[in-house]
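Working notes, structure below.
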Amino acid sequence: MNEAPIRVVPRATAADGQGAGRRLKLKVLRHNPHQPGSVPHWQTYEIEEAEGMTLFIALTEIREKLDASLQFDFVCRAGICGSCAMVIDGKPALACRTLTKNLGAEATLAPLPFFELIGDLSVNTGKWMRGMSERLEGWLHMVDPRPDLTRMEQRMEPELADQIYELDRCIECGCCVAACGTARMREDFVGAVGLNRVARFRLDPRDKRTDADYYEIVGDDDGVFGCMTLLACHDVCPKELPLATQIAYLRRKMMRQGL
Ligand code: SF4
Ligand code: F3S
Ligand code: FES
5 MNEAPIRVVP RATAADGQGA GRRLKLKVLR HNPHQPGSVP HWQTYEIEEA
55 EGMTLFIALT EIREKLDASL QFDFVCRAGI CGSCAMVIDG KPALACRTLT
105 KNLGAEATLA PLPFFELIGD LSVNTGKWMR GMSERLEGWL HMVDPRPDLT
155 RMEQRMEPEL ADQIYELDRC IECGCCVAAC GTARMREDFV GAVGLNRVAR
205 FRLDPRDKRT DADYYEIVGD DDGVFGCMTL LACHDVCPKE LPLATQIAYL
255 RRKMMRQGL
């Protein structure tokens, strides 16, 4: 169901030369599964675009001035927490890092598919990420279970520390899972985010797990062999993690384990 656009009164910032002055239409897929009778429908909001406006600013303006019932998530506004991921013009991305000037005059916003819908643009990625993490035991399994905390931690080569840090930059936004065709077909697929997590711990010399252990965890169709190299994960990751390389490398290692 399409509804007539809700408009906001032009702001002084736009008229005094600070704003871009374009009329921006945001067509939002709305649905509240917790409200009896709610059905998914498109709602169009029209606002005046301002200089440097992000989708975070645009949605906040809509919620403050047009529609207090609109649901969406933001915490850091700086591409760090991963909570603002949504489908923007058909592609998963972070709303707080999306400048409206890079969108057309009318943009569509929808919640990430695959994850539990809380309402409108808000989804429960945290629940899925926790389940994935528990399944992969995505934490350090220390070689020494009771390290002497009064001593300096063992030295690590800077190159290795850099490699681990690179993979640790994942913010668990869920974009890679939302974009992945395999995740749509296989409910228990751990996704690129899960495989990246395994690749990260595999590198870590403080973790005692071997490739045989990792094979037990991801050596199946819900793990690394379920990945069909669709590469959408790699294309949409807002942190530009080397997901394709990591998954291919992990697959080769796990294949050897299975022989
Ligand atoms: Fe987001 Fe990239 Fe992490 Fe996937 S791998 S959850 S897209 S940061
Ligand atoms: Fe999915 Fe990425 Fe593999 S999109 S199929 S996890 S390469
Ligand atoms: Fe934290 Fe966008 S609000 S990543």
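According to the working numbering, the sequence shown is numbered sequentially starting from 5.
All C-beta atoms, glycine included, are put in the ideal place defined by N, C-alpha and C.
What you are looking at is a predicted structure, and each value in this text was computed from that prediction instead of being measured.
If you check the beta carbons only, do residue i and residue j fall under 9 Å apart?
i    : j    : result
C80  : C177 : no
L125 : V43  : no
P40  : L121 : no
G142 : V202 : yes
I92  : L63  : no
I10  : E68  : no
D215 : M258 : yes
D225 : R190 : yes
V197 : C174 : yes
R210 : M146 : yes
H35  : G123 : yes
E65  : R26  : no
A111 : P242 : no
C179 : C85  : no
D71  : Q47  : yes
Would you please state the rounded distance, in angstroms, between the beta carbons of residue i and residue j? I believe it to be under 8 Å.
i    : j    : result
L207 : L164 : 7 Å
L116 : A182 : 4 Å
A109 : K29  : 6 Å
M90  : L113 : 6 Å
G227 : G262 : The Cβ separation is near 11 Å, so there is no contact.
R139 : V194 : 7 Å
M57  : T104 : 5 Å
F205 : L254 : Actually they are not in contact, since the Cβ atoms of F205 and L254 sit about 11 Å apart, beyond 8 Å.
With respect to the alpha helix (DSSP H) encompassing residue i, which residues constitute its N-terminal and C-terminal limits?
i    : result
S264 : Beyond the ends of the chain as shown, which are 5 and 263, falls residue 264; an answer cannot be given.
G123 : Counting along the chain, G123 falls outside any alpha helix (DSSP H), though it belongs to the beta strand (DSSP E) covering E120 to G123.
H238 : A236 to V240
K69  : L59 to K69
E163 : P162 to D172
E220 : D215 to V222
T233 : Run containing T233: none; DSSP gives neither H nor E here.
C180 : C179 to A182
R159 : Careful: R159 lies outside any alpha helix (DSSP H) and carries neither H nor E.
Q75  : Taken as a continuous stretch (DSSP letters only), Q75 belongs to no alpha helix (DSSP H), as it is neither H nor E.
V202 : G195 to L207
G262 : L247 to G262
M189 : G185 to M189
Tell me the residue span of the beta strand (DSSP E) that contains residue i.
i    : result
P96  : K95 to L98
I92  : A89 to I92
R34  : R27 to R34
T112 : E110 to A114
T48  : H45 to E52
Can you confirm whether the region 244-261 touches the region 182-195 when touching is taken to mean that 3 or more C-beta pairs between the two stretches lie within less than 8 Å? no
I want to know whether the region 168-177 touches the region 215-227 - three or more CB-CB distances under 8 Å. no
Exercise answer, beta-carbon shell around the ligand FES heavy atoms below 7 Å: F60, F78, V79, C80, R81, A82, G83, I84, C85, G86, S87, C88, L98, A99, C100, R101, I175 and C177
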